[in-house]
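Sequence order for the protein chains is A and B.
Note that my numbering numbers the first sequence so that position 96 is 83, with each residue one more than the last.
Note that my numbering numbers the second sequence so that position 110 is 97, with each residue one more than the last.
Report on the following structure.
Number of protein chains: 2
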Amino acid sequence: MERYFPVLTRCALFQGMGQEDIKAMLGCLGARFASVSKGAPVFLEGDPAQLVGIVLSGGAQVVQEDYYGNRSVLSILQPGDSFGEAFSCAGLEELPVSVIAVQDSQVLLLDCRRILTMCSHTCHFHSLLIENILQGLARKNLAFTQKVRYMSQKTTRDKLMTYLLDQAKQQGSAEFVIPCDRQTLADYLGVERSAMSAELGKLKRSGRLDTKGSWFRLNPVEQHGL
Amino acid sequence: MERYFPVLTRCALFQGMGQEDIKAMLGCLGARFASVSKGAPVFLEGDPAQLVGIVLSGGAQVVQEDYYGNRSVLSILQPGDSFGEAFSCAGLEELPVSVIAVQDSQVLLLDCRRILTMCSHTCHFHSLLIENILQGLARKNLAFTQKVRYMSQKTTRDKLMTYLLDQAKQQGSAEFVIPCDRQTLADYLGVERSAMSAELGKLKRSGRLDTKGSWFRLNPVEQHGL
DNA sequence: AAATATATGTTGGAAATCCAACGTGAGAGG
DNA sequence: CCTCTCACGTTGGATTTCCAACATATATTT
Chain A
-12 MERYFPVLTR
-2 CALFQGMGQE
8 DIKAMLGCLG
18 ARFASVSKGA
28 PVFLEGDPAQ
38 LVGIVLSGGA
48 QVVQEDYYGN
58 RSVLSILQPG
68 DSFGEAFSCA
78 GLEELPVSVI
88 AVQDSQVLLL
98 DCRRILTMCS
108 HTCHFHSLLI
118 ENILQGLARK
128 NLAFTQKVRY
138 MSQKTTRDKL
148 MTYLLDQAKQ
158 QGSAEFVIPC
168 DRQTLADYLG
178 VERSAMSAEL
188 GKLKRSGRLD
198 TKGSWFRLNP
208 VEQHGL
Chain B
-12 MERYFPVLTR
-2 CALFQGMGQE
8 DIKAMLGCLG
18 ARFASVSKGA
28 PVFLEGDPAQ
38 LVGIVLSGGA
48 QVVQEDYYGN
58 RSVLSILQPG
68 DSFGEAFSCA
78 GLEELPVSVI
88 AVQDSQVLLL
98 DCRRILTMCS
108 HTCHFHSLLI
118 ENILQGLARK
128 NLAFTQKVRY
138 MSQKTTRDKL
148 MTYLLDQAKQ
158 QGSAEFVIPC
168 DRQTLADYLG
178 VERSAMSAEL
188 GKLKRSGRLD
198 TKGSWFRLNP
208 VEQHGL
């Protein structure tokens, strides 16, 4: 447990708190520790929506499956990321999504009702926690706004390039790594993996970008004619 | 102003507060009143992101336009709905979206920084307001989850039917009205208006649904064979 | 290293979308 | 009543996606 405090202190939920404060809060919140192996669910669609999770190690994805079994990736979770708070804070009974570990992972599970209803003098950091959750939800809203922007592009190529340009901007460099493999990226952008792969091939051949695995580099566009 | 208190008491932001409490809060928050005519922007992409709006009358849409001028509708705002809090609470400098009035509308504008930083003894309802905003953001996250679910469907027909089935469920009846016209629905679902119209025609002819304007009725599917 | 599994790239025909153009009908205003 | 406008429906051909199948590359295991 101790080894994961560096992750928790960087976690959005606990910003502004010291290690001892966090340790005390985890007690208040009834935190439970869980190990999940690669490919196994942390939550399944239809599960009660009262728990909030924090990824301590490994990685996970929030996914939805439609009637035909098509997978849609809603968000990609890395160590320090939390998940599920939107559903419990909105008062939902059942989860409308699943959370799947994509690697062997450790997660921390908190009871959201304790967070929201805990009387504030029990723990000095209660209101700070609330504000951190609020800011986290606002950021997740932003992330959805971006995802919708990618998905609203007409062609596979435009969805891909809009995403990659955003990644370059966010990471502050034309060279960057993305947090997922090709299939996951395709399911996140809402495109066919094979079509996306074909577009990547074209973009590479035209010199617009280079990529290998999760590494990408966007190249400046050559001006022709002018 | 007085005439809009019924709207404000039903507004998610002010749940649990009486009319007098709200009146006092509006003072604290430096509320400003604004009239916007049909088609005019309330906010434009790039504007400073510190204001939160509440629709008092009329209606508005949160929209994004891409490089080619394609419009994407992120959410549809009706009286009582608030907008912009995700961007200010996430600490964004500039708005990444525009908010456009679709009818002559009245809106109330609040300064979000006052909401978040206002010292809590100034106003008893400060922490309640924070919790209301938190719940509102969680609900907006849910709304995005749903929108993404519609947009993730492969065909225009599936996007449309997934949306309509959700509406019927939310409104608790197979007969319902949607809060927008065909073009807006198409821009919300991320489909071509003409293709959507064609699908609606097919669905009508097959007896699967009836519609006129914003009114819809979903009909049970006939079982063949068995 | 060999064998296996998994990830990624490539291809071609069927299906769906995209787009522009046009037809129709309801409502607004003169 | 007429005209104008605007929302909605319809159509057809160019473009793009979709899907299954296969080829290649990379990682993992034995």
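No residue lacks a Cβ here, since even glycine has one placed at the ideal position from N, Cα and C.
> Is the region 86 to 98 of chain B touching the region 47 to 54 of chain B, taking contact as three or more C-beta pairs under 8 Å?
Replying inline: yes
> According to DSSP, which residues form a beta bridge with B/Ala21?
Replying inline: B/Val94
> Could you give the uninterrupted runs of the beta strand (DSSP E) lying entirely in the region 131 to 206 of chain B, keeping only those of 3 residues or more?
Replying inline: 162 to 164, 196 to 199, 202 to 205
> How long is the line joining the alpha carbons of A/Glu7 and B/Glu81, rounded to whole angstroms?
Replying inline: 36 Å
> Counting along the chain, where does the alpha helix (DSSP H) carrying A/Val(-6) start and finish?
Replying inline: -8 to -3
> Any C-beta of chain A sitting closer than 9 Å to the C-beta of B/Tyr55?
Replying inline: yes
>> Between A/Ser69 and chain B, is any beta-carbon pair separated by less than 9 Å?
In response: no
> Within this structure, are the beta carbons of B/Val135 and A/Lys134 separated by less than 9 Å?
Replying inline: yes
>> I'd like to know whether the C-beta of A/Leu61 is nearer than 9 Å to at least one C-beta of chain B.
In response: yes
> Candidates A/Arg180, A/Ser201, A/Asn206, A/Phe30: which alpha carbon is nearest A/Arg192's?
Replying inline: A/Asn206
> With DSSP run on the structure shown, which of helix, strand or coil describes B/Gln122?
Replying inline: helix
> Taking the beta strand (DSSP E) that A/Glu52 falls in, what are its first and last residues?
Replying inline: 47 to 52
>> Do B/Arg126 and B/Ala36 count as a contact pair if the criterion is CB distance below 9 Å?
In response: no
> Taking the alpha-carbon positions, what's the B/Pro28 to B/Gly67 distance?
Replying inline: 18 Å
> Taking just the CA atoms, how far does A/Phe30 sit from B/Arg144?
Replying inline: 30 Å
> Can you list, in chain order, the residues of its chain whose CB lies under 7 Å from that of B/Val189, leaving out five sequence neighbours each side?
Replying inline: The residue asked about is misnamed: residue 189 of chain B is Lys in this sequence, not Val. Once the five neighbours on either side are set aside, B/Lys189 has no close Cβ partner at all.
>> Could you compute how far the alpha carbon of A/Ile216 sits from the alpha carbon of A/Ser114?
In response: Given that chain A is displayed from residue -12 to residue 213, the structure contains no residue 216 of chain A and the question cannot be resolved.
> If we ignore side chains and look at the alpha-carbon of each, how far apart do A/Ser181 and A/Gln154 end up?
Replying inline: 21 Å
> From B/Gly14 to B/Leu97, what distance separates their C-alpha atoms?
Replying inline: 10 Å
>> Quick check on DSSP: helix, strand or coil for A/Leu129?
In response: helix
> A/Lys141 to B/Met148, Cα distance in whole Å?
Replying inline: 21 Å
> Taking B/Gln170 as the reference, which of B/Val208, B/Ser184, B/Met4, B/Asn119 has the closest Cα?
Replying inline: B/Ser184
>> Quick check on A/Leu94: buried or exposed, where buried means 16 or more other Cβ atoms within 10 Å of its Cβ?
In response: With the sequence shown as reference, residue 94 of chain A is identified as Val, and Leu is not the correct amino acid for it. When all chains shown are included, A/Val94 counts as buried.
> For B/Ile9, which of B/Ala21, B/Ser22, B/Tyr(-9), B/Val23 has the nearest alpha-carbon?
Replying inline: B/Tyr(-9)
> Between the C-alpha atoms of B/Val208 and B/Arg195, what's the straight-line distance to the nearest angstrom?
Replying inline: 6 Å
> Buried or exposed: where does B/Glu(-11) fall if 16 or more other Cβ atoms within 10 Å of its Cβ makes it buried?
Replying inline: exposed
> Excluding sequence positions up to five away, which residues of its chain have a Cβ less than 8 Å from the Cβ of B/Gly71?
Replying inline: Phe30, Ala36, Leu38, Val39, Gly40, Leu82, Val86, Cys99
>> If the cut-off is 8 Å on Cβ atoms, which residues from the region 117 to 130 of chain B count as contacting chain A, listed in chain order?
In response: Ile117, Glu118, Ile120, Leu121, Gln122, Leu124, Ala125, Arg126, Lys127, Asn128, Leu129
> Can you list the residues of chain B that A/Lys134 reaches, using a CB-CB cut of under 7 Å?
Replying inline: Val135
>> Using beta carbons (cut-off 9 Å, strictly below), is A/Gly40 in contact with chain B?
In response: no
>> Once DSSP output is grouped into helix, strand and coil, what is the label at A/Leu115?
In response: helix
> What residue range is occupied by the uninterrupted beta strand (DSSP E) comprising B/Leu43?
Replying inline: 38 to 44
>> So, with DSSP's three-state summary, where would you put A/Glu80?
In response: coil
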